[in-house]
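In my numbering, the protein residues as written are 11 to 172.
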């Protein structure tokens with residue numbers, strides 16, 4: 011599997027931005043998905059794999075049961091919402107590529123502030139503590155959805171976070 015870098019000023023992104031300002035649906039806070047946003051997201055059909063992007067980086071991908079599977083934007087946002095609130099498991103975390111670990115650590119340190127280095131060291135050493143990295147850190151501290159698009163020629167979709 012490979013990822014395709016996207017031009018941030020592409021026509022499709024501009025179309026999404028103009029559509030979102032007309033509907034007033036964005037931004038969508040991952041911590042507080044309201045009913046009107048759920049209704050609009052349910053109407054949007056995305057195609058797996060779904061690339062998850064922030065303005066400066068590719069964060070990851072959401073896969074379905076098979077490539078090309080249809081998935082509503084609502085299902086995707088709820089999945090990201092669940093991930094953002096879940097505590098990270100150290101055993102799974104240490105299997106991530108170094109670039110992911112570096113990004114998560116930076117997001118964690120920024121979010122926690124005081125004593126972040128000691129807490130991070132405890133997490134990496136496998137010690138239990140209450141303030142460990144969470145999925146929000148895995149999403150590089152992105153807490154809002156700012157757009158969704160189906161890229162038909164590439165047979166994938168994109169969710170834009172910030």
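Just so you know, even glycine gets a beta-carbon here, dropped at the ideal spot from N, CA and C.
In this text, all values refer to a predicted model and were calculated from it rather than measured experimentally.
Taking 9 Å as the cut-off, the Cβ atoms of residue 102 and residue 76 do not count as close. Residue state for residue 54 is assigned as coil, using DSSP reduced to three classes. When secondary structure is reduced to three states using DSSP, residue 148 falls in the helix class. About 23 Å separates the CB atoms of residue 109 and residue 40; that is not less than 8 Å, and the two are not in contact. In this chain, the beta strand (DSSP E) harbouring residue 171 covers 166-171. When C-alpha distances from residue 159 are compared across 86, 133, 42 and 45, the shortest belongs to 86.
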